[in-house]
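Notes follow the structure.
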Amino acid sequence: MLRLCDKCPTSSLLQNHLEREIEDFHPDVTVQYSQWVSTDRTNLTVQVSTLSELCESLTQKIEKLIPHSFSSQFQSDYLKMRKETLDEGSVLILMDFSENYSFVVQDEAQGFHWNNGSCTLHTVVVYCKINQDLQSRSLCIISDDLDHDVALVYLTQKLVLDFLKSEFPEAPLKHVEYFTDGCAAQYKNCKNFRNICYLEQDFSMKCNWSFFATTHGKSRCDGIGGTLKRLVTKTSLQRLYKDQITTALQVYEFCQKNLKGITGFYVSKEYMVQVRTFLCGHFENAKTIPSTRSMHQFVPLSPIQIGAKRLSCDIKFSIIYDFSLLVPVMPECYVHPNCYVACMIPICINAYRVLVGRPEGKRPLGRPRRRWEDNIKMDLSEVGYDDRDWLNLAQDRDRWRAYVRAAMNLRVP
Numbered sequence: 017m018l019r020l021c022d023k024c025p026t027s028s029l030l031q032n033h034l035e036r037e038i039e040d041f042h043p044d045v046t047v048q049y050s051q052w053v054s055t056d057r058t059n060l061t062v063q064v065s066t067l068s069e070l071c072e073s074l075t076q077k078i079e080k081l082i083p084h085s086f087s088s089q090f091q092s093d094y095l096k097m098r099k100e101t102l103d104e105g106s107v108l109i110l111m112d113f114s115e116n117y118s119f120v121v122q123d124e125a126q127g128f129h130w131n132n133g134s135c136t137l138h139t140v141v142v143y144c145k146i147n148q149d150l151q152s153r154s155l156c157i158i159s160d161d162l163d164h165d166v167a168l169v170y171l172t173q174k175l176v177l178d179f180l181k182s183e184f185p186e187a188p189l190k191h192v193e194y195f196t197d198g199c200a201a202q203y204k205n206c207k208n209f210r211n212i213c214y215l216e217q218d219f220s221m222k223c224n225w226s227f228f229a230t231t232h233g234k235s236r237c238d239g240i241g242g243t244l245k246r247l248v249t250k251t252s253l254q255r256l257y258k259d260q261i262t263t264a265l266q267v268y269e270f271c272q273k274n275l276k277g278i279t280g281f282y283v284s285k286e287y288m289v290q291v292r293t294f295l296c297g298h299f300e301n302a303k304t305i306p307s308t309r310s311m312h313q314f315v316p317l318s319p320i321q322i323g324a325k326r327l328s329c330d331i332k333f334s335i336i337y338d339f340s341l342l343v344p345v346m347p348e349c350y351v352h353p354n355c356y357v358a359c360m361i362p363i364c365i366n367a368y369r370v371l372v373g374r375p376e377g378k379r380p381l382g383r384p385r386r387r388w389e390d391n392i393k394m395d396l397s398e399v400g401y402d403d404r405d406w407l408n409l410a411q412d413r414d415r416w417r418a419y420v421r422a423a424m425n426l427r428v429p
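Quick note, the sequence shown lines up with residues 17 to 429 if you use our numbering.
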């Protein structure tokens, strides 16, 4: 299912199957279709191509979709399994940043529409087993600080763990597992990995962190944010003349008084400055871990080492990263994704049949994308200049201008 071993069907077989499914298939027939295209934004665009090009493009997208679907299903099954088999003393925490709540006022002045006043909502769902009974709690961290960064995630961890210790004082909470989406700005980054390496030292609890597959991070957290924003909006619009809800602190006070099922916490922007200053010591030697995007669970092994797994249910680590050495330490069982690969066929949640092989075939069609710098080096080499020293040449404007004109003369007859 990872589409890497020689047991998986090749892309040519898939493309041939698609062509057979199309009635009266003619490679050169032109077709028009709609497609989502993502650059800085995502837009639905109209594409025109031949049937052959359409089948080739669709084959490439299916090739990427299959391992993604496999990972998303496994991560969802793992979360369900963890909730069903949660041990006494273990905590499962789901977190997600809701879209910022924008304040609304009934009969507002025209200029208020452009005020853009809003607050951060970081929603949390906690599962823990107390006396063989699965308990859950819904929480929301409300702040006027609009930076959804690692510092707010760290403070959320502290507030939630302190809340659990006060809510269940007799429960021996020893291990916490976090489950979030893979947003690189908030959760899936080297600074957060450094933080969880220090979690046992800071909070006296062991932990590991699992991630949903990309775009599959929906959970109960979304319901918390939606419920809070809907009720706050409704209440604020009903207050025509006074007590409209227009600050993060007022949102928190409303949550405390009216939402009995959601425990709120308020964090001020000034306090977040102190938290970010404190965390500077944690972020020493914080460097990007290779293959972060393809890993779905990270487990701290010490204050300077962290292990990564491709799927949360894997028994062995794919990579062990040492922050003091700033290099990945490959375990003996590690299978490098570009050399030896395996097709993993699930038998149950913790057992697999592994078929080991080498990938065959050629790289995808097309040359690597040419950079602006590559064009400069190519032009300079054609006029007889050593392209390795082109940066120093650019400092001498007269010589640079002469070489540019010589290169342009090669292009113009």
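We treat Cβ as the ideally placed atom computed from N, Cα and C, and that holds for glycine. Small disclaimer: the values here were computed from a predicted structure and weren't measured.
N- and C-terminal bounds of the alpha helix (DSSP H) containing residue i
| i | result |
| --- | --- |
| Thr293 | 285–295 |
| Ser27 | 27–37 |
| Cys206 | 206–213 |
| Val45 | Careful: Val45 lies outside any alpha helix (DSSP H) and carries neither H nor E. |
| Val166 | 166–183 |
| Thr251 | 236–254 |
| Asn408 | 406–411 |
Given residue i as reference, the closest of the options once Cα atoms are compared
| i | options | result |
| --- | --- | --- |
| Val192 | Leu215, Gln91, Thr75 | Leu215 |
| Pro344 | Cys329, Thr262, Ile320 | Ile320 |
| Leu407 | Glu389, Ala422, Glu398 | Glu389 |
| Met288 | Ser159, Arg57, His42 | Ser159 |
| Leu74 | Ile38, Cys237, Arg309 | Ile38 |
| Asp103 | Ser114, Gln89, Lys145 | Lys145 |
| Tyr268 | Phe128, Cys156, Gly198, Leu409 | Cys156 |
| Cys199 | His164, Tyr49, Ser65 | His164 |
| Gly249 | Ser28, Ser118, Glu72, Ile78 | It is Thr, not Gly, that sits at residue 249 in the sequence shown. Among Ser28, Ser118, Glu72, Ile78, the Cα nearest to that of Thr249 is on Ser118. |
| Met311 | Ser152, Arg326, Leu265 | Arg326 |
| Lys276 | Lys174, Asp40, Leu244, Ala187 | Leu244 |
Buried versus exposed, by CB contacts within 10 Å (16 or more), residue i
| i | result |
| --- | --- |
| Ile331 | exposed |
| Tyr94 | buried |
| Pro43 | exposed |
| Val53 | exposed |
Segment limits, beta strand (DSSP E) that includes residue i
| i | result |
| --- | --- |
| Pro83 | Here Pro83 belongs to no beta strand (DSSP E); instead the alpha helix (DSSP H) covers 67–100. |
| Val107 | 106–118 |
| Asp338 | 335–338 |
| Lys325 | 321–325 |
| Ile146 | 134–146 |
| Asn274 | Run containing Asn274: none in the beta strand (DSSP E); it sits in the alpha helix (DSSP H), 264–274. |
| Ile392 | Not the beta strand (DSSP E): Ile392 falls in the alpha helix (DSSP H), residues 388–398. |
| Tyr194 | 191–196 |
Alpha-carbon spacing of residue i relative to residue j, whole angstroms
| i | j | result |
| --- | --- | --- |
| Ile335 | Ser154 | 34 Å |
| Cys271 | Glu35 | 57 Å |
| Phe86 | Thr26 | 17 Å |
| Phe228 | Lys234 | 9 Å |
| Leu430 | Ala423 | Here the chain has residues from 17 to 429 only, and residue 430 is not among them. |
| Gln290 | Lys393 | 48 Å |
| Leu30 | Asp178 | 53 Å |
| Thr263 | Leu253 | 14 Å |
| His138 | Ser284 | 13 Å |
| Ile261 | Lys204 | 33 Å |
| Asp112 | Thr136 | 11 Å |
| Ile322 | Gln217 | 15 Å |
| Asp123 | Asp56 | 35 Å |
Any non-hydrogen atom of the ligand NAP closer than 7 Å to residue i Cβ
| i | result |
| --- | --- |
| Thr26 | Only the bare structure without any ligand can be found here, which leaves the ligand NAP out of the picture. |
Nearest-angstrom Cβ-Cβ length linking residue i and residue j, presumed shorter than 8 Å
| i | j | result |
| --- | --- | --- |
| Ala302 | Lys207 | 5 Å |
| Val47 | Leu81 | 21 Å between Cβ atoms; not a contact. |
| Arg292 | Ala125 | That belief does not hold up - the Cβ atoms of Arg292 and Ala125 are roughly 35 Å apart, past 8 Å. |
| Phe195 | Leu110 | 5 Å |
| Gln51 | Thr61 | 6 Å |
| Cys213 | Pro316 | 4 Å |
C-beta neighbour in chain B for residue i, strict 8 Å
| i | result |
| --- | --- |
| Arg413 | Here there is only one protein chain, and chain B is not present. |
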